[in-house]
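In our numbering, the protein residues as written are 76 to 343. C-beta atoms are modelled at their ideal positions from N, C-alpha and C, and glycine is treated no differently. From a predicted model like this one, the values you see are computed outputs, not experimental measurements. Heads up: the structure comes next, in structure tokens.
Below is the structure:
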């Protein structure tokens with residue numbers, strides 16, 4: 076823990092000057108996919124480099140829980156899918172506006188309690204990884220920090236599932252619970268109650284309950300456990316491919332979707 080704290084303190088001392096006017100280091104961008112808009116706050120290269128340094132420290136010294144499949148190197152969607160593909164049924168949940176709902180206060184508490192940073196260092200790191208009082212999309216640290224700021228709540232949900240013999244995985248704002256689930260409504264209600272303790276809530280429009288045939292993370296799983304890429308992902312890929320000009324952000328999104336599809340197709 077001392078080495079962990081020392082590294083973060085070193086980053087805080089070296090780059091405190093960036094926090095004097097953090098807004099000049101961000102540029103807002105809108106990503107449009109199939110009519111949907113998402114606002115990203117993109118850090119410039121100087122700030123992004125610092126955020127990557129902080130992210131690397133978090134990855135090295137904050138151990139990844141078994142149920143978490145994002146924010147760390149070597150996290151693979153296929154491993155998440157394998158947890159659930161042979162289950163009798165599954166409940167697929169989405170945390171609504173996850174990054175935007177993680178308060179600045181929770182992030183500061185994570186830095187002081189979990190990371191055990193002194194107040195001055197915590198305040199500097201906080202300014203380097205938050206923007207407009209929350210965790211912005213497009214920032215390297217937002218993925219892992221959003222989880223750790225709310226880890227106690229996700230741990231309780233995981234333990235609840237374990238006690239009932241269910242599987243539970245978390246990928247950013249996507250949660251999947253599977254097993255021989257007798258009463259999915261009770262499971263959903265319990266998860267919602269725990270999330271509220273962190274100021275989070277479920278997106279009820281995206282709740283799905285499946286039997287042996289499932290759709291998880293844009294992947295179809297048939298009754299025999301065979302995988303195939305979801306048509307919505309295909310349509311999204313084709314939509315981006317058809318555009319005559321792609322922004323740099325769209326190019327990255329397209330490449331990510333293609334890699335994702337290839338990873339699944341290699342195993343079908």
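Relative to residue 196, the option among 183, 207, 206, 267 whose CA is nearest is 183. Using a 10 angstroms sphere on the CB of residue 78, the tally of other CB atoms stays under 16, which defines it as exposed. In the three-state scheme derived from DSSP, where H, G and I count as helix and E and B as strand, residue 92 is classed as helix. Contact between residue 158 and residue 242 holds: their C-beta atoms lie close to 5 Å from each other, under 8 Å. DSSP, reduced to helix, strand and coil, places residue 266 within a helical segment of the structure shown.
Nearest to residue 126 by C-alpha distance, out of 333, 80, 200, 222, is 200. Distances from the alpha-carbon of residue 214 to those of 162, 258, 102 put 102 closest.
In the DSSP assignment, residue 183 is bridged to no other residue. Of the candidates 335, 272, 290, the residue whose Cα lies closest to the Cα of residue 177 is 272. Scanning the stretch 142 to 195 for uninterrupted beta strand (DSSP E) segments of 3 residues or longer gives 164 to 169, listed from N- to C-terminal end. Within 10 angstroms of the beta-carbon of residue 322 lie fewer than 16 other beta-carbons, which makes it exposed. Scanning the stretch 258 to 339 for uninterrupted alpha helix (DSSP H) segments of 4 residues or longer gives 259 to 271, 306 to 317, listed from N- to C-terminal end. The beta carbon of residue 117 sits closer than 7 Å to the beta carbons of 101, 102, 104, 213 from its chain, once the five residues preceding and following it are set aside; these are given in chain order. By the Cβ criterion, the stretch 135 to 149 is not in contact with the stretch 315 to 330, since fewer than three pairs of Cβ atoms, one from each stretch, lie closer than 8 Å. Contact between the stretch 275 to 288 and the stretch 303 to 321 is absent: fewer than 3 CB-CB pairs across the two stretches fall below 8 Å.
When the alpha-carbon of residue 221 is set against those of 290, 149, 338, 179, the nearest one is in 179.
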